[in-house]
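First comes the structure, then the notes that go with it.
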Amino acid sequence: MNRKTDIVVVGSGLAGMSAALTAAQSGKKVTLLTHGAGTLAISSGCIDVLGYLNGVRVADPFESMATLPAEHPYSLIGGAETVREAIDWLKSVCRKGGIDMAHAAEEGNHTLITVMGTLKPSYLCPDSFNPDCLKDVHRAAVVTVENMKDVHPGLIIDQLHRYAELSDKEFMEAVLPCPIEHAHRNITPLDIARHVETPEGMKWLEKSLMPYAKLYPVLLLPPICGMKHSQQIWNQLCSALKVKIIEMVSIPPGVAGLRMRDVLKKALNAAGVYMVESAEVVRAEVEEGRCKTVHTLTASGEDAWEADSFIIATGGLLSGGISTAPGKAWESIFQLSLDAPADTEAWSSPDIFGSSFFASMGVKVNHELKPLNGEGNVCLDNVRFAGRVLGGYDFAAEKSGNGVALATGRYAGMLAGKE
Amino acid sequence: MKHTTVVIIGGGATGIGILRDLSMRGVKAVLLEQGGIASGASSRFHGLLHSGGRYAVKDNEAARECIEENMILRRIGRECVEESEGFFVLSQQDDPAYEKPWVEACAKAGIKTEPVDVKEALRLEPNLDPGIKAVYRVPDSSVDGFRLVWHNAMSARRYGGEMLTHHEVFAIDQEGGKVKGVRARNLVTGEEVCISCDVVVNAAGSWAAKVVELVGLEVGVQPDRGTLVAFNHRFTSRVINRLHMSSDGDIFVPHGSITILGTTSFHADRPDAHEAPTEDVLKLLDIGEVLIPNLRSYRILRAFAGTRPLYVAKGSAAGRAASRGFHISDHSEEGLDGMFSIFGGKFTTYRLMAEKLCDLVCEKLGVHAECRTAVEPLIADPSPAMMEKAAKYFPVHSVPLVANRLGDAFPIVVEKAAAMKSNPLLCECEMVTRAEIEYVASDPSSHSMTDVRLRTRLGMGTCQGTYCSLRTIGALTECRVPFPLSPADNLRDFLQERWKGLRPALWGLQAREMELGRAVYAATLNIDGARDEQKN
Amino acid sequence: MKRRINPDKCVACSTCVVQCPVAEVTSKFLGPRMLGPASERFRMLNAGEDDSLSYCANCKNCDISCPQGVEVSNINMLARAEYCRENRPSFRDWILAHGELEAKLVSYFPSFLVNFGMANPISKQILDMVGVSKKADLPKFASKQFPAMFKEYKQPENLTKRVVFYPGCFIKAYAPQTGMDLVWLLNKAGYKVEYPEVFCCCGTPLYTNGFEADARKNAVKNLEELAAWRKAGIPVLSLCPSCQLMFKSEIPAFFPDLAENMESTALDDAMEFILGCINRGELDISEADTSPLDIIYHAPCHLRAQGIGFPGLDILRLLPGVHAVNADAGCCGISGSYGFKKEKYDIGMAIGSKLFDTIKDSGIRQVATECGTCKVQIIHGTGNPCDHPLTILRRRLDKKTTK
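Chains as they are written, first to last, in our numbering: chain F, 1 to 419; chain S, 1001 to 1536; chain U, 2001 to 2403.
Encoded structure:
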């Protein structure tokens, strides 16, 4: 098989989906090849833009962008202006798909509440995660569901009280009875969120929260307020119970990430993007500095996918966009070397959260996101990279993962769409 | 001031074995351990219950000890031994001239060897190199060192033996050439304890030299670093040895869900040289590939190292060439009455070492009770009814594992699980449930999540703590288990400990896992940023 | 020797748990990761099997969603086969697994009798008692099955190029006309079609219901025949995504020794082949009916798992007048025989509800899908007409067929 299209995007995380949707919206024929469902589905579903710079908390991510090093993806694509545009675009896509995304009330980041009871700076979150209302109250209930092993109010309260700004607040533990009987497996927030999506689940949640709503003006919940209709469900609960509900950021499965992925996937289908699953791109045909085709592996051989330009959003170490072996690291499709030190121990810091080489290991690109060779020249003229496959930033330490994925994906899609 | 008859220093296999033996003979004893139970070499080796085949040619006496003890441990420690048997395999690189003398030496030591047709061996172990030239079956087995030590401890407790973990001995008091007592510091609370006694036994393994330094003496113990690699799944059914003069990286030992490849032998400058360098890992892979050609495609979970307390008599060989035999010093010969040191030896012969030492101690104390450690099982088998009951509250794959792990505590934990509304799996990779974790965490010897990990295998599987550590700290905070560290610090320490094992093999599949861990703990939960923002 | 799949690639990211349609609708299922790679690490200890293994529908959404390339569903299927070696599957599962044999038996009786016999309330009650849901619409046997129909059909004589058709059980017994539509199209494109009767059930229903030995026997027979045609350089085409997947990736996973000597055990995809015919100009679609037709297309999970895109949808989109949208609403819930089982029927319907709603909300009547049992489920869940894309293609091309 050999199919031809205008643009091939590889990867269906936030970067790949943003790139594909942007390119399709500019009128291009887009094929999206994906091996697996990407990491958006298991992520928090909030857009962390920039929370820390060199270990120091930033007040305003956009102001701080100006001080980032030149090789940081944000710097390469034009800084704050480009990133803001991408965020506005995502907000409109999500709004159409039924999720309202909220900025912090004041300039700068939200401090989201996690199921660990830690606070995390993030720029944009679904309304239901917006923690602003906690500032104005003294009392809140921390809610979990019986048997939900990822969420323990005792831990959350212990941890929240360790923050100066929350130390004088009164928190109460609340455990809702589990609405799913005879569960053979352990219950996660996703199970409850799906249950709440049904009419009886919604009724259960409203009824179970009622007694706490009478006592506390704010309720902190795991992300359980429905799936497809989460916005409506959250609105309805808040108004029926006359409280503010804050959903907490949870570990995989992150629920809100899946909500956002479903919205984006629907938008892609509506925009005519041809999405091929189970399609692992294993190599590419390159001629005179241009990629002709990328090749997916199938049980009966290889399929070639031809396009005018390519956007590679295959992720990093976790998703396989970056491959590693002792003393070696390379980009997985084009085998671009990532200049890793031969001594593997030099890749990482002895402190698990210290600054490590591997954390910002990735493809070096120019301001158009095209890859550069060792001499600093563009080596593939019709290929762009987006998301974690890029080097020059540490998504985990900076809290910039979804921000970089969104902004570089959108930017790559715009540039390719204009060609 | 506390009184006892014997103070044992060191909570590894030997020390705990001595505690059990003495307690069974009716001698009052207290054991002091600076870390957790079996936190040194007893849990930092490949977990091979030697048939003795490995030593047959070089040290026939040690080989005979191995096979005898091997058979005893299968009887008394059934819950800790997987009766998996072993292969000695002559690879394409091994000298065929070694085969005949090896078979003869095994026979001499009483080790049963049985030639296996190469084709049949490959059928039984399909991951072996098809080019192997000869295979022998021997009674090797895998043993869970950590568990075996714990089961000894449980048995010792039943006989009144006492253990104080996280207690570092800082002084041994003497009077008129005779030991009088021991002073130690509780490393968790900072409190000092004083114990008066008649006899002090130094069973501190690689730390033995440091202990005798307290009384101004010297012993010939040389810590020797052995690096090991744990793989994510079990790819052999039995223990696999190379049929050659024992060397680095030539043993694969399957344990439950994982396989361990070991070991290296390097001079260590300190007894706690537990960091495994990448260099060692790569060396092990190179050597291991000779027997298992696909080795590099398997995922390394972690690399770790332990230090063997090799006994080096003055002027004799060190490292791989040093004797694996053990040695007992009665320090009265050097003018200090009531003090004994035991060092060298192997895990497989820990019981025999304990027996010999206790014979000497008892002789000194005038106690005539016989040693019974070889005949009495460490723990009683769980009843079939209890196993059936457990199946209701634990995942089906995990019931035998939980029963074996917990030993005496199994019925208690089953009852606990039955009384709970649900018993969620907090560690899905190693199938550890909340009831077990809560029970172990509330044991006085547990001071951190790492202590819980060692006893339960929490966080030792595929995800290396990514999911279970949040769940565990949540559950333990909820049921108010009093750990000295704050929950976030406890979690960070736990992850840092895991990190130590991941770093030396940070590539391929394990690098993917590591990035997932960072995505969860740094990117999603911000426990790195929270370090400076929370009061701890 | 026990077949094992190395579970090392699993990083426990939980993506498969999120995307598993069965886990989504029932908490009775332990979930793909726990039963698959997580339990696989312990299976060598022979500590027993979790009861909920039978809840895996083998729909492959775990494999499709896994970013690490873990063969989750195959691990589960191997474990089930192993379990069934010791524990015989139920009579009900035998019935559902051996549809081919039953089809052969009923072919000797008039179909209206058989179908009445199956569909009347008394038979439904009996089926229900052995564990086939009486709420399910079992597919109806065709009045004439494919082998008979093919035998009677006269292909044009001047055809020089040849292809082989592997119909699979569903087309053979329940939807022979779909097979004949393909024959018609291939003839029109200049190909003579061979149908070797030795080809038998691909083994999917056998293996997923725990009849490993029977599945193996079939694989031996099928591969032998496939190899002969391959040697002759003649493509062997299949219309059924599940049969294709079985040949392509499950046979090599379940019976690696059988696949060892063949470069590829895959059948050729009939939709890709027809698409090729159109692209090469062998099949002229310029004369096709141009009346407007809206179609909503459902991609079967077993097609999505193949990573080849949607050649059936591509064909529909080439047709003038046709506006085809992709429903993109996940699994239909039937998974072969899964949704017919009494204890699984409600699960299957709950899984399919998203798809049913999407179809209803689209306002489009005509549904298209390649898979036979997906089609049964879609008709059962929506009441809309549902056809194979090639049936629709033939309708648009064949002046003789009535719309």
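Cβ coordinates follow ideal geometry from the N, Cα and C atoms, glycine included. Keep in mind the model is a prediction, meaning the values are calculated, not measured.
With 9 Å as the C-beta to C-beta threshold (strictly closer), list the residues of the stretch 168-187 of chain F near chain S in chain order.
Here the close residues are E173, C178, A183, R185, N186, I187.
Quick one: does R95/F have its CB under 8 Å from some CB of chain U?
Chain U contact via Cβ: absent.
Where does Y1311/S fall in DSSP's three states?
DSSP places Y1311/S in strand when its eight states are reduced to three.
Should L112/F be labelled buried (16 or more other beta-carbon atoms within 10 Å of its own) or exposed?
By the neighbour-count rule (16 or more Cβ atoms within 10 Å), L112/F is buried.
By the 9 Å beta-carbon criterion, what residues does the stretch 1294-1315 of chain S contribute toward chain F?
If the cut-off is 9 Å between Cβ atoms, the stretch 1294-1315 of chain S has R1296 near chain F.
Is the stretch 2330-2342 of chain U close to the stretch 2205-2217 of chain U, with three or more CB pairs under 8 Å?
Flag = yes, the stretch 2330-2342 of chain U and the stretch 2205-2217 of chain U touch.
What do you get for C2062/U, buried or exposed, if any count of 16 or more other CB atoms within 10 angstroms of its CB means buried?
Result: buried.
What residues are listed by DSSP as bridge partners for A2094/U?
At residue 2094/U the sequence reads Trp, which differs from the Ala that was named. Looking at the DSSP assignment, W2094/U forms no beta bridge with any residue, so it has no partner.
I want to verify the contact list: residues of chain U whose CB lies under 9 Å from the CB of R3/F, in sequence order.
Those are G2309, D2314, listed as they occur along chain U.
When burial is assigned at 16 or more other CB atoms within 10 Å of the CB, is D1094/S buried or exposed?
With 16 or more other Cβ atoms within 10 Å, it is buried.
Closer than 6 Å by C-beta to E2272/U: which residues in its own chain qualify, once you throw out the five before and the five after it? Chain order, please.
So the list reads P2311, once near-sequence residues are dropped.
So what does DSSP say about P1411/S, is it helix, strand or coil?
Reduced to three states, the DSSP call for P1411/S is helix.
Taking only beta-carbon atoms, is D2328/U less than 8 Å away from chain F?
Closer than 8 Å to some Cβ of chain F, the Cβ of D2328/U qualifies, so yes.
Considering only residues of the same chain and omitting the five flanking positions on each side of A1276/S, which have a CB-CB separation below 6 Å?
The answer, listed in chain order, is T1227, A1303, F1304, A1305, P1504.
According to DSSP, which residues form a beta bridge with E2194/U?
Beta-bridge pairing links E2194/U to V2164/U.
Along chain U, in chain order, which residues have C-beta atoms closer than 8 Å to that of C1463/S?
Result: V2011, A2012.
Counting only the same chain and skipping the five closest in sequence on each side, list residues whose C-beta sits under 7 Å from that of M202/F.
V196, I233, listed in sequence order.
Around the Cβ of N1202/S, are there at least 16 other Cβ atoms within 10 angstroms (buried) or fewer (exposed)?
Burial call: buried.
Does DSSP put L1357/S in a helix, in a strand, or in coil?
If DSSP states are grouped into helix, strand and coil, L1357/S belongs with the helices.
Considering only residues of the same chain and omitting the five flanking positions on each side of R261/F, which have a CB-CB separation below 6 Å?
The residues are L40, A41.
Please list the residues of the stretch 1400-1427 of chain S that have a C-beta atom closer than 8 Å to any C-beta atom in chain F, keeping them in chain order.
Hits within the stretch, in order: K1421, S1422, P1424, L1425, L1426.
Can you confirm whether N130/F, when its beta carbon is compared against all beta carbons of chain S, has any partner nearer than 8 Å?
Answer no: the Cβ-Cβ gap between N130/F and chain S never drops below 8 Å.
Return the chain-ordered list of same chain residues with a C-beta closer than 8 Å to the C-beta of H1368/S, the five sequence neighbours on each side being excluded.
Counting only Cβ-Cβ distances below 8 Å, and skipping sequence neighbours, we find C1362.
Is the stretch 1108-1120 of chain S close to the stretch 1141-1150 of chain S, with three or more CB pairs under 8 Å?
The answer is no - the stretch 1141-1150 of chain S does not touch the stretch 1108-1120 of chain S, with fewer than three Cβ pairs under 8 Å.
Whole angstroms is fine: what's the gap from C46/F's alpha carbon to S1043/S's?
The straight-line gap from Cα to Cα measures roughly 42 Å.
Quick one, which of S2242/U, M2044/U, A2368/U, C2202/U has its alpha-carbon nearest L2303/U's?
Nearest of S2242/U, M2044/U, A2368/U, C2202/U to L2303/U, Cα basis: S2242/U.
Just how far apart, CA to CA, sit E1082/S and G1256/S?
If I take the Cα positions, the gap works out to 8 Å.
To which residues of the same chain is A1208/S closer than 7 Å at the C-beta, ignoring the five residues directly before and after it?
Cβ within range, chain order: N1202, V1219, V1221, P1309, S1341, F1343.
Can you look up Q2366/U in the DSSP assignment and give me helix, strand or coil?
DSSP places Q2366/U in strand when its eight states are reduced to three.
Just to check my reading of the structure: N2384/U and I2351/U have Cβ atoms closer than 8 Å, yes? What is that Cβ distance to the nearest angstrom?
Wrong, their Cβ atoms sit about 18 Å apart, outside the cutoff.
Can you pull the DSSP bridge partners for Y2297/U?
DSSP output for Y2297/U lists N2326/U, A2368/U as bridge partner(s).
If you run the structure through DSSP and keep just helix, strand and coil, what is F1394/S?
F1394/S falls in the coil class under three-state DSSP.
When we look at the beta-carbon of H1050/S and count the other beta-carbons within 10 Å, is it buried (16 or more) or exposed?
H1050/S should be labelled buried.
How would you label Q335/F, buried or exposed, when you count the other beta carbons within 10 angstroms and need 16 or more for buried?
Q335/F is exposed by the Cβ-count criterion.
Run through chain U and tell me which residues come within less than 7 Å of E277/F, C-beta to C-beta.
Within chain U, the residues near E277/F are I2064, R2304, G2307.
Which of helix, strand or coil does DSSP assign to K2403/U?
Residue placement at K2403/U cannot be trusted, given a pLDDT of 43 that sits under 50; the coordinates are not used to answer.
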